[in-house]
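Pasting the structure below:
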């Protein structure tokens, strides 16, 4: 059943070739001081940083630098970003890069005017912000996380070996996001496919729950089919604008709360993947791909009807044989596509060893809302099968 | 190709059984005086009016009555609504009913602080609002138009025999909308099916353009499939919550700008239907159903690839025969579903006579952006075939 929900997503999207020029319009609504957030420097190499700086200067903004955000933003970096924002009385947080910088900008946003420790407040106690928020804008250069149009933020605490996400409400979502598909051309192939699989898995996480046929299930299948078809074009021709633009737009809708509306979800693949990430610092999408198939094979009997539907609707599996056989064929088709993409198919290639399994299992949050709540034994079994 | 676009839809949705209770939270953001907009009195009969009035009073609001909005809101009624808002210095326009009251509320919103004649400014000259807007909230009781989550407003001028829609930007969209599927149970069957077909046709209007496979095409098919499946349940069991809730949510997304993102559209079925509406005052959804099949058969050769895809993806037509045969089978499946629904299959049953055809053709706006721009002769031919 479509459960009760509230839905609101106010993020303004500027989409297309040359959409960065719209940044000038977007900037008008905000004050003078802009904290310019970016990662390890790829935006400097590909020239996007210079374009953004020019537009900021033309708009009369004062730029406060905040580079060096790592792929899995750490709590120490978060403290640093908050300090920068406070010391400079920043008016806007502008993230330029992939999901990590967007995630980080949102974490800074909710922490600048908050007296408590943000790690404790938001990522341990999962409280909601009760202080003034700094507005966030994004210029996305890498596709996958959906962070550009949602309230999610994932922060890693290496000391505690925890990587935890908090999904904030619509007031924390970016005020605007620039999506220029051409900006994604320079992303290395490994990052491109990790992003595509990340987006695909976001849909799966929301799709694999419930037994009835909600609008959400149809929309989820639509996004999956679009991602699959366009990924095959992009693999052969990474500068195919049509493919990259459709991947970019589908990935945004894969995780901006629409397809979760009225559904319960457990996000268990992400719980497993984030635990792996806390231990290995591996690319997020690859941690998801490495654990997905053993996990889905494990829960298939509990959600047989939906796994059968997944096979038929998404993968066009012929409806011959038992429901279980049809459902298994769907997972085989998924596996075959994952191999085409070239995503990680096992944890060993991410640096996980047998001895780390117990620790990763300890770090895996167990959620309900899906087809089956995992026991610790099941988590260990799935992780071992994922090696 | 996915063209450049901006997307923003800030409407907050309160969805589900009992969601009207959330009105109290929603009202907090607005001033004291609320213009309560409704139609011919069905909301009084079914008790929804009383519930809304109670919540407004509990919230300490002053209610200014504005009932009697007709199914096709007239320009005279618009002037009246503007006068009410001005005289009472209204803070919020709250529309309770179907698409007509939401459309009307938006037309009042853009006109209250505007010195010019709103009919001339917005519906003849298609200008954008340049004055202060009054916020709009909706409590939807009838599904179909999508007006609850978009900037569209359709106003009828009987003297000029024109029914014209203006799609305003996100600043005119309702600030919030309450969607309780149970509120739609009391809608007469004829209105229910007209609303379902209206929503379906909104998707078709946006789907039948372009030759490539954008995210939008997949999402459109998803919404169509969900509407078809759930309409069949609702026809047999109008109080099936699951069916009515999914119809309600799909209809909202059928016309809230998402599936139009990056696409060109011509909305020609609506142009034909609105001209019929201006002449007959017939139910909007029925004017669309009456002209749809002759129109689609006419443009099928110009958009063959998409009509073939429509047949295969939406109607599961077997891929045997020529593309044209497969595409025609899709339209036959559509026709068969329309007959199941019981929507108008011809203009005569809406009161159109042969002599009115020329006048309706004169009132039909011809748009580009679709597969084929109609000549006047083609419009007359389609209208005659629709009789």
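Residue numbers (my numbering), protein chains in the order written: chain U, 1 to 387; chain F, 388 to 774. Idealized CB from N, CA, C, for every residue including glycine. This structure is a prediction, so every number in the text was calculated from the model and none was measured.
Where residue i meets chain U, residues with beta-carbon distance less than 9 angstroms
| i | result |
| --- | --- |
| residue 544 (chain F) | Near residue 544 (chain F) there are no residues of chain U at all, since even the closest Cβ is about 33 angstroms away, more than 9 angstroms. |
| residue 388 (chain F) | 241, 242 and 245 |
C-alpha distance - residue i paired with residue j, whole-angstrom precision
| i | j | result |
| --- | --- | --- |
| residue 775 (chain F) | residue 413 (chain F) | No statement about residue 775 (chain F) is possible, as the shown extent of chain F runs from 388 to 774 and does not include it. |
| residue 54 (chain U) | residue 85 (chain U) | 21 angstroms |
| residue 559 (chain F) | residue 236 (chain U) | 43 angstroms |
| residue 600 (chain F) | residue 180 (chain U) | 19 angstroms |
| residue 532 (chain F) | residue 582 (chain F) | 7 angstroms |
| residue 155 (chain U) | residue 98 (chain U) | 14 angstroms |
| residue 383 (chain U) | residue 345 (chain U) | 12 angstroms |
| residue 150 (chain U) | residue 501 (chain F) | 36 angstroms |
| residue 37 (chain U) | residue 73 (chain U) | 12 angstroms |
| residue 277 (chain U) | residue 29 (chain U) | 37 angstroms |
| residue 296 (chain U) | residue 226 (chain U) | 21 angstroms |
| residue 775 (chain F) | residue 166 (chain U) | Outside the displayed range of chain F (388 to 774) lies residue 775 (chain F), so it cannot be described from this structure. |
| residue 703 (chain F) | residue 712 (chain F) | 14 angstroms |
| residue 773 (chain F) | residue 718 (chain F) | 15 angstroms |
| residue 669 (chain F) | residue 574 (chain F) | 17 angstroms |
| residue 246 (chain U) | residue 313 (chain U) | 20 angstroms |
| residue 507 (chain F) | residue 418 (chain F) | 30 angstroms |
| residue 329 (chain U) | residue 696 (chain F) | 25 angstroms |
| residue 1 (chain U) | residue 265 (chain U) | 13 angstroms |
| residue 42 (chain U) | residue 191 (chain U) | 13 angstroms |
Neighbouring residues, chain F, relative to residue i (Cβ below 8 angstroms)
| i | result |
| --- | --- |
| residue 83 (chain U) | Here the premise fails: no neighbours, minimum Cβ distance about 32 angstroms. |
| residue 215 (chain U) | 609, 610, 613, 633, 636, 637 and 640 |
Proximal chain F residues relative to residue i, where beta-carbon distance stays under 7 angstroms
| i | result |
| --- | --- |
| residue 128 (chain U) | Neighbours of residue 128 (chain U) on chain F: none; closest Cβ ~15 angstroms, over 7 angstroms. |
| residue 315 (chain U) | Near residue 315 (chain U) there are no residues of chain F at all, since even the closest Cβ is about 14 angstroms away, more than 7 angstroms. |
Contact test: residue i Cβ vs the ligand COA heavy atom, cutoff 6 angstroms
| i | result |
| --- | --- |
| residue 722 (chain F) | No copy of the ligand COA occurs in the structure displayed, which carries no ligand at all. |
Contact set between residue i and chain U, taken where Cβ atoms lie within less than 7 angstroms
| i | result |
| --- | --- |
| residue 609 (chain F) | 218, 219, 221 and 222 |
Proximity winner among the options, relative to residue i (alpha-carbon distances)
| i | options | result |
| --- | --- | --- |
| residue 580 (chain F) | F:618, F:598, F:422 and F:568 | F:618 |
| residue 490 (chain F) | F:523, F:756 and F:647 | F:523 |
| residue 389 (chain U) | U:249, U:223, U:205 and U:320 | The shown model of chain U, from 1 to 387, leaves out residue 389 (chain U), and the question about it has no answer. |
| residue 641 (chain F) | F:409, F:587 and F:470 | F:587 |
| residue 169 (chain U) | U:122, U:330 and U:319 | U:122 |
| residue 615 (chain F) | F:723, F:470, F:752 and F:766 | F:723 |
| residue 654 (chain F) | F:678, F:505 and F:670 | F:678 |
| residue 48 (chain U) | U:81, U:265, U:18 and U:299 | U:18 |
| residue 68 (chain U) | U:159, U:78 and U:373 | U:78 |
| residue 366 (chain U) | U:380, U:355 and U:356 | U:380 |
| residue 262 (chain U) | U:206, U:284 and U:280 | U:206 |
| residue 219 (chain U) | U:133, U:351 and U:202 | U:202 |
| residue 5 (chain U) | U:87, U:101 and U:259 | U:259 |
| residue 438 (chain F) | F:483, F:462 and F:751 | F:483 |
| residue 184 (chain U) | U:89, U:134, U:10 and U:241 | U:241 |
Chain-ordered chain F contacts of residue i [CB-CB under 9 angstroms]
| i | result |
| --- | --- |
| residue 13 (chain U) | 392, 393, 394, 395 and 648 |
| residue 17 (chain U) | 391 |
Residue burial classification, residue i (beta-carbon count within 10 angstroms, cutoff 16)
| i | result |
| --- | --- |
| residue 138 (chain U) | buried |
| residue 597 (chain F) | buried |
| residue 322 (chain U) | exposed |
| residue 631 (chain F) | buried |
| residue 163 (chain U) | buried |
| residue 604 (chain F) | buried |
| residue 591 (chain F) | buried |
| residue 462 (chain U) | Summary: the structure shown does not reach residue 462 (chain U), with chain U confined to residues 1 through 387, and so no result is reported for it. |
| residue 71 (chain U) | buried |
| residue 513 (chain F) | exposed |
| residue 388 (chain U) | Nothing about residue 388 (chain U) can be reported from this structure: the residues present for chain U run from 1 to 387 only. |
| residue 118 (chain U) | buried |
| residue 749 (chain F) | exposed |
| residue 726 (chain F) | exposed |
| residue 373 (chain U) | exposed |
Neighbour list for residue i in chain U, Cβ cutoff strictly below 8 angstroms
| i | result |
| --- | --- |
| residue 599 (chain F) | 242 |
CB contact below 7 angstroms: residue i versus chain C
| i | result |
| --- | --- |
| residue 165 (chain U) | This model lacks chain C altogether; the protein chains it does include are U and F. |
| query | What residues in the region 99-117 of chain U bring their beta carbon closer than 9 angstroms to a beta carbon of chain F? | reply | none
| message | At a CB distance below 9 angstroms, what residues from the region 228-246 of chain U approach chain F? Give them in sequence order. | response | 229, 230, 241, 242, 245 and 246
| Within 7 angstroms of chain F by C-beta, residues of the region 193-206 of chain U in sequence order | none
| query | Mind listing which residues of the region 686-702 of chain F have their C-beta closer than 8 angstroms to chain U's C-betas, in chain order? | reply | none
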